[in-house]
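Beneath this line is the structure, given in structure tokens, with notes to follow.
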Amino acid sequence: MNTTTYNNVSEAPVLLRPNKRFGIEFTASRKTLRGAFGISILLILWQVLPTVGVLDPLFVPPLSHVLTALAQMAHNGQLWLHTSSSLSRVLPGLGFALLVGIPAGLFVGTSQTLRETIGPALEILRNTSALALLPVFTLLLGIGQSSKIAMVFYAAIWPIFLGTINGVQSVDPLWIKAGRAMGLTQQGLFTRVILPASLPSIFTGIRLASAAALLVLVAAEMVGARAGLGYLVNAAQLDFDIPQMYAAIFVLSVIGGGVNFLLQRVEHHLTRWKSA
Amino acid sequence: MSTVNLAHPKLRFDAITKSFPPSAKETCSTIVLDDLNLSLEAGDFLVVVGPSGSGKSTLLDLAAGLSAPTHGKVLLDGSSVSGPGPDRSVVFQNYALFPWKSARDNIILALDAAGIDRREHTAKADQALNLVGLQQSADRYPHQLSGGMKQRVAIARALSVEPKVLLMDEPFGALDAQSRETLQIELRSLWQRTGMTIMFITHDIDEALLLGQRIAILGTSPGRVVDILDLPFAADSNIDTIRASADYAALRQYIRASLTPRNALHNGGLS
Ligand SMILES: Nc1ncnc2c1ncn2[C@@H]1O[C@H](COP(=O)(O)OP(=O)(O)O)[C@@H](O)[C@H]1O
Ligand SMILES: [Mg+2]
Chain D
1 MNTTTYNNVS EAPVLLRPNK RFGIEFTASR KTLRGAFGIS ILLILWQVLP
51 TVGVLDPLFV PPLSHVLTAL AQMAHNGQLW LHTSSSLSRV LPGLGFALLV
101 GIPAGLFVGT SQTLRETIGP ALEILRNTSA LALLPVFTLL LGIGQSSKIA
151 MVFYAAIWPI FLGTINGVQS VDPLWIKAGR AMGLTQQGLF TRVILPASLP
201 SIFTGIRLAS AAALLVLVAA EMVGARAGLG YLVNAAQLDF DIPQMYAAIF
251 VLSVIGGGVN FLLQRVEHHL TRWKSA
Chain C
277 MSTVNLAHPK LRFDAITKSF PPSAKETCST IVLDDLNLSL EAGDFLVVVG
327 PSGSGKSTLL DLAAGLSAPT HGKVLLDGSS VSGPGPDRSV VFQNYALFPW
377 KSARDNIILA LDAAGIDRRE HTAKADQALN LVGLQQSADR YPHQLSGGMK
427 QRVAIARALS VEPKVLLMDE PFGALDAQSR ETLQIELRSL WQRTGMTIMF
477 ITHDIDEALL LGQRIAILGT SPGRVVDILD LPFAADSNID TIRASADYAA
527 LRQYIRASLT PRNALHNGGL S
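Going down the list, the sequences are from chains D and C.
All residue numbers for the first sequence refer to this note's numbering, where the first residue is 1 and numbers rise by one.
All residue numbers for the second sequence refer to this note's numbering, where the first residue is 277 and numbers rise by one.
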């Protein structure tokens, strides 16, 4: 919480905060260091526990073996093949969900009648697991690329849509009143008050959506695909190539963590005005 | 101080009735203001004092053009008000600053909404901040400001568009006693310096006496003007002089009695 506040102050002219700049960098780097320390512990345990025999190295190979498998896959092109085919499903699915979910949410959020009409239907759809719908998508769209993109889209659109509706709904009526009193037009109110006020909630929706998208993607690839990281995890396990299986899981974690990190940075930048 | 315009008052409420349609639970509509007349001359500092629920905010919203009267008219310089406009600015109790904009950008948004030339924005915003003594805090976001500073920014934002009338709805109600008094003093001196026309709403009798040049007492159910007092304090007197004066206690007592519905009639006038 403190870091956020300091980052905000860093927007002010230097004169106002003669000794805070040091504070920011100090806390930021200490936070990063701590995080790196936590991750190192995890990696060391992964290496040590199987080596000393606490974990069966047959089922949980030490990190070094997994990294060797990873390097091999990177070398022979397997890694890129599977990663790119996963990305080619998740990125369009997520992209469409953004393109549809945000405008739809903004539209529905501003109308109470519309919200009350479709609210219960939305609840049902949202709670229909995308995984349960996997056979339906396969039935409708075949086992090709489009059914997987459609599933990712389905999983991702609800958090985005609902996050946007939620954001619009929670705009403080006083801000609208103040905007109207200033003489903002309907359109001005929308772009200059409602939209910026909803951004934090929209971004929370986007982060939830990207996590849901990856989850569903892996499941879909495990069930019916010839390539992709989900397919690779499953195929490696069937081949009993356990280090390769962990290598694929490792890449999935890195992608998930990386996307989340990036979105957090953008979110932090866009909502740096928030105090807490 | 006030240059009386004989042709038109600056702001006039002409036989205003405001009722709200019945809600789901009620059967008949509520009449909040009933046949209310009130006017402000140019340069007036009129304080409207009334108990909570007497329709003060309703009255101010009508002046701001945020809602329309059921009957009657609000006239600004003689012409009927039909909506919000840059000729009137509002300061609300809870500041109503946009938290995603710095102090300066909050003001710039108001300047932009008022249609003021883009090239003048920064200069005008800084000038307004200067007026309330916050030039140092132009780049701060609202959450980095104290309540008193936020309300100063809100006042600067309201003044930046150079409105004909400043409308203030219990603007100091959410502040601690210390900041409230500071802002009262500042507002009084701002009014003395600029000769603005101000309509100020409060339920605090002391605040009404310290700030106003005239006080309109609003009675409840339905809201109507019970009495209008011209205060005997000189326009350039300061808050301490006012508080210490002999009239102060008597006026305070009188307003208090007027606000208690039963006693209002028996109390006579204050001659
Ligand atoms: N939009 C509205 N719909 C129905 N009743 C309202 C509305 N706004 C205000 N009122 C009613 O009008 C009365 C006066 O409200 P208000 O002007 O806010 O009073 P004050 O500001 O003096 O406390 C209250 O009884 C309130 O319930
Ligand atoms: Mg009120």
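Built from N, CA and C at the ideal position, the CB exists for glycine as well.
Cβ-heavy atom distance, residue i to ligand 2, below 8 Å
i, result
"residue 483 of chain C", "no"
"residue 445 of chain C", "yes"
"residue 194 of chain D", "no"
"residue 332 of chain C", "yes"
Local Cβ density within 10 Å of residue i, reported as buried at 16 or more and exposed below that
i, result
"residue 22 of chain D", "Since pLDDT at residue 22 of chain D reaches only 49, below the 50 mark, its modelled position is unreliable, and no value is offered."
"residue 347 of chain C", "exposed"
"residue 396 of chain C", "exposed"
"residue 536 of chain C", "exposed"
"residue 192 of chain D", "buried"
"residue 123 of chain D", "exposed"
"residue 478 of chain C", "buried"
"residue 545 of chain C", "Note that residue 545 of chain C scores 43 on pLDDT, short of 50, meaning its location in the model is unreliable; the coordinates nonetheless yield the value given after this. The residue is exposed, with fewer than 16 neighbouring Cβ atoms inside 10 Å."
"residue 82 of chain D", "buried"
"residue 506 of chain C", "exposed"
"residue 368 of chain C", "buried"
"residue 489 of chain C", "buried"
"residue 221 of chain D", "buried"
"residue 244 of chain D", "buried"
"residue 448 of chain C", "buried"
"residue 376 of chain C", "buried"
"residue 54 of chain D", "exposed"
Short Cβ contact (9 Å threshold) for residue i with residue j
i, j, result
"residue 557 of chain C", "residue 363 of chain C", "Nothing can be reported for residue 557 of chain C, as the shown portion of chain C is limited to 277 through 547."
"residue 151 of chain D", "residue 93 of chain D", "yes"
"residue 492 of chain C", "residue 322 of chain C", "yes"
"residue 138 of chain D", "residue 224 of chain D", "yes"
"residue 285 of chain C", "residue 316 of chain C", "yes"
"residue 460 of chain C", "residue 421 of chain C", "no"
"residue 145 of chain D", "residue 64 of chain D", "no"
"residue 156 of chain D", "residue 209 of chain D", "yes"
"residue 109 of chain D", "residue 38 of chain D", "no"
"residue 105 of chain D", "residue 202 of chain D", "yes"
"residue 294 of chain C", "residue 338 of chain C", "yes"
"residue 173 of chain D", "residue 267 of chain D", "no"
Partner residues on chain D for residue i, Cβ-Cβ distance less than 9 Å
i, result
"residue 374 of chain C", "175, 178, 179, 192, 193, 196, 197, 273"
"residue 368 of chain C", "174, 177, 178, 181"
Interface partners of residue i on chain C, CB under 7 Å
i, result
"residue 183 of chain D", "360, 361, 362, 389, 390"
Residue range of the unbroken alpha helix (DSSP H) whose run includes residue i
i, result
"residue 85 of chain D", "78-110"
"residue 296 of chain C", "From DSSP, residue 296 of chain C is part of no alpha helix (DSSP H) but of the beta strand (DSSP E) over 287-296."
"residue 397 of chain C", "397-407"
"residue 464 of chain C", "453-470"
"residue 265 of chain D", "242-270"
"residue 535 of chain C", "522-535"
"residue 166 of chain D", "145-169"
Chain-ordered neighbours of residue i on chain D, where CB pairs are closer than 8 Å
i, result
"residue 386 of chain C", "182"
Start and end residues, beta strand (DSSP E) containing residue i
i, result
"residue 180 of chain D", "From DSSP, residue 180 of chain D is part of no beta strand (DSSP E) but of the alpha helix (DSSP H) over 173-182."
"residue 321 of chain C", "321-325"
"residue 475 of chain C", "473-478"
"residue 308 of chain C", "306-316"
"residue 501 of chain C", "500-506"
"residue 193 of chain D", "Premise fails: residue 193 of chain D is in no beta strand (DSSP E) and is neither H nor E."
"residue 488 of chain C", "Where residue 488 of chain C is concerned, there is no enclosing beta strand (DSSP E), given that its DSSP letter is neither H nor E."
"residue 364 of chain C", "364-367"
"residue 349 of chain C", "347-352"
"residue 441 of chain C", "441-445"
Any non-hydrogen atom of ligand 1 within 8 Å of residue i CB
i, result
"residue 348 of chain C", "no"
"residue 327 of chain C", "yes"
"residue 449 of chain C", "no"
"residue 477 of chain C", "yes"
"residue 216 of chain D", "no"
"residue 251 of chain D", "no"
"residue 335 of chain C", "yes"
"residue 534 of chain C", "no"
"residue 366 of chain C", "no"
"residue 437 of chain C", "no"
"residue 308 of chain C", "yes"
Cross-chain neighbours of residue i in chain C, by beta carbon under 8 Å
i, result
"residue 188 of chain D", "389"
Closer than 7 Å at the beta carbon, the chain D residues around residue i
i, result
"residue 379 of chain C", "Here the premise fails: no neighbours, minimum Cβ distance about 10 Å."
"residue 340 of chain C", "181"
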